[in-house]
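Line by line, the protein sequences give chains A and B.
Under my numbering, think of the first position of the first sequence as 288, with each following residue one higher.
Under my numbering, think of the first position of the second sequence as 288, with each following residue one higher.
Quick reminder that beta carbons are idealized off the backbone N, C-alpha and C, glycines included.
All figures in this text were calculated on a predicted structure; none of them were measured in a lab.
Data block below; observations after.
2 protein chains.
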Amino acid sequence: MRWQDIDQQPCSLARSLAIIGDNWTLLVLRDCFLGVRRFDDFQQRLGVTRHVLSDRLRKLTDGGVLEKVAYQERPLRHEYRLTTMGRDLYPVIAHLAQWGDKYLADEAGPPLVRVHRQCGEPLEAKLQCGHCGENVEPKDIRLEENPHWAGQLLPTKAG
Amino acid sequence: MRWQDIDQQPCSLARSLAIIGDNWTLLVLRDCFLGVRRFDDFQQRLGVTRHVLSDRLRKLTDGGVLEKVAYQERPLRHEYRLTTMGRDLYPVIAHLAQWGDKYLADEAGPPLVRVHRQCGEPLEAKLQCGHCGENVEPKDIRLEENPHWAGQLLPTKAG
DNA sequence: ACTATCAGTTCCTAATTGGAACTTACTTCT
DNA sequence: AGAAGTAAGTTCCAATTAGGAACTGATAGT
C-alpha cells in the first residue's frame with residue numbers, strides 16, 4: 288500500500304495522518320501555533336525546501352487545517368492561518384512537546400516552557416476523560432468496534 | 288536541512304518527531320496500542336513494505352519507544368513491546384484519533400469507540416492542566432524561552 | 001534603472017519507497 | 001527422509017520523493 292492511499296482506510300488515526308502525518312507537516316503546525324503565517328518565514332525557520340513546504344501547505348489547506356487569507360493586494364499575497372479544525376490539534380502538539388521535554392531534552396533542559404495563564408504554572412498536560420474528569424491511561428480504555436466494520440479493525444488473538 | 292537531522296534542533300517537538308514523525312511510524316504505534324507485537328502482523332495490518340517496517344521498528348527501538356523481547360528460542364524470535372516511554376505517547380494517539388473521529392469520519396461514524404472503563408462512557412479526551420485541573424486551549428498558553436537559547440526559538444514580530 | 005520582497009515553480013541529482021523475491025533457521029506434515 | 005510451512009527479516013530494481021539552488025512574476029522603494 289502506498290502512503291498516499293492511507294486516507295482510504297476507515298481508521299480515524301490513518302485519516303488524520305493522511306493530512307498531518309507527513310514529514311515536516313507537524314513542524315509546520317508547531318510554527319503555526321507560534322504565530323508564523325508566511326511562506327518565507329516557515330521556510331527560513333524550518334529549513335525545509337520550498338517545494339516540499341509548498342506541497343505541505345497545500346495539503347494542510349486542502350485538508351481544512353489551514354486557510355489561505357490575502358493580507359495585501361498589489362501584489363496579491365496570502366498567509367496561512369489555523370482554522371478551528373487546526374486549533375483542535377493543539378492537544379496533540381502539546382503532548383508531543385511535553386513527551387520530548389521529558390525524554391529527549393539535553394542538560395540545558397526543555398527549550399520552551401508552556402505557562403498556563405490561568406494558574407501561572409507550567410502546563411503539565413494530562414489526558415482527561417471529559418465525562419468523569421479522571422486522568423486516563425491506555426489500560427483504562429476498552430475498544431468497541433463499529434458494527435459496520437466488524438472484525439476488520441482489531442487484531443485477532445491468532446495474529 | 289535534511290529530515291534526518293531534525294533531532295539536532297533544541298525543540299522538543301522536533302526531537303520527538305525525529306523518532307515518531309516518519310510516515311508509517313504513528314500507524315505502527317497505533318497497532319502497538321491495539322496489542323500487535325510481531326513483525327508479520329504489523330506488515331499485514333499496515334500493508335507497509337517489509338524494509339520500511341524494519342527501518343521504523345529499528346528507529347522506535349533505538350529511540351526507546353519499543354523494546355525487542357525474545358518470545359522463543361530455536362529459532363530465535365523477537366516481538367516488539369511498548370516501553371513506559373512508548374506508553375506515554377498514548378495521549379498523542381488518543382487526541383489524533385479523536386480529531387479524526389470528529390472531522391474525518393464518514394456516514395457510518397467513527398470506526399472505533401474508546402470506552403473509559405472507570406465511568407463506562409466513551410472517552411472525550413481533553414487537554415487538562417495537571418496543576419489547576421482546568422481544560423486548556425492554545426490561547427491559554429504563554430511561552431517562556433529557556434535563556435540558554437534566548438531569541439533563537441520564537442519568531443520575531445519582524446518576521 | 002536597479003535592487004529588494006514575497007510566494008511560489010522549475011531543474012537536476014540523490015535518497016527513499018513500493019513491490020516482489022530471497023534467506024535463514026527451525027518445526028510440522030506426509 | 002523430504003516437502004512444505006513459519007517468522008523475521010534482507011536484497012534487488014523501478015518509480016517516486018526530497019534536497020539544493022536558481023529562476024519567475026508582480027510590485028515597491030531608491
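(request) List the endpoints of the continuous beta strand (DSSP E) containing B:C319. (result) Careful: B:C319 lies outside any beta strand (DSSP E), inside the alpha helix (DSSP H) at T312 to F320.
(message) Can you pull out the residues from the region 409 to 430 of chain A whose beta carbon lies closer than 9 Å to at least one beta carbon of chain B?
(response) Residues of the region 409 to 430 of chain A with a Cβ closer than 9 Å to any Cβ of chain B, in chain order: P409, L410, E411, A412, K413, L414, Q415, C416, G417, H418, C419, G420, E421, N422, V423, E424, P425, K426, D427, I428, R429 and L430.
(message) Under 7 Å, Cβ to Cβ, is there at least one residue of chain A near B:V352?
(response) It does not; no Cβ of chain A falls within 7 Å.
(request) Give me the Cβ distance between A:C319 and A:L353, rounded to the nearest whole Å; I'm assuming they're in contact under 8 Å. (result) Indeed they touch by this definition, with Cβ atoms about 7 Å apart.
(request) Please determine, among B:P297, B:R401 and B:H338, the residue with the shortest C-alpha to C-alpha distance to B:L321. (result) Ranked by how close their Cα comes to the Cα of B:L321, the residues B:P297, B:R401 and B:H338 have B:R401 in first place.
(request) Consider the Cβ of B:A357: report whether some Cβ of chain A lies at a distance smaller than 7 Å. (result) B:A357 does not count as touching chain A.
(message) One question on the structure: do A:L376 and B:L304 come within less than 7 Å of each other, judged by their Cβ atoms?
(response) Going by C-beta atoms, A:L376 is not nearer than 7 Å to B:L304.
(request) Could you work out which residue in B:C419, B:P297 and B:K426 is closest to A:G407 when comparing CA atoms only? (result) Ranking the options by Cα distance to A:G407, first place goes to B:C419.
(message) When you compare the region 322 to 338 of chain A with the region 378 to 396 of chain A, are there three or more beta-carbon pairs, one atom per stretch, that lie closer than 8 Å?
(response) In the pairwise beta carbon analysis, the region 322 to 338 of chain A is classified as not touching the region 378 to 396 of chain A: fewer than three pairs are separated by under 8 Å.
(message) Considering only heavy atoms of the ligand ZN, does any lie closer than 6 Å to the CB of A:R345?
(response) The model depicted lacks the ligand ZN and carries no ligand whatsoever.
(request) Give me the Cβ distance between B:A381 and B:L410, rounded to the nearest whole Å; I'm assuming they're in contact under 8 Å. (result) Between B:L410 and B:A381 the Cβ distance is about 7 Å, and since that is below 8 Å, they are a contact.
(message) Looking at the strands, I want to know which residues DSSP matches up with B:Q415.
(response) The partner list for B:Q415 (beta bridge, DSSP) reads A:K413 and B:N422.
(message) For a test of the three-state rule: what should DSSP assign to B:V402, helix, strand or coil?
(response) If DSSP states are grouped into helix, strand and coil, B:V402 belongs with the strands.
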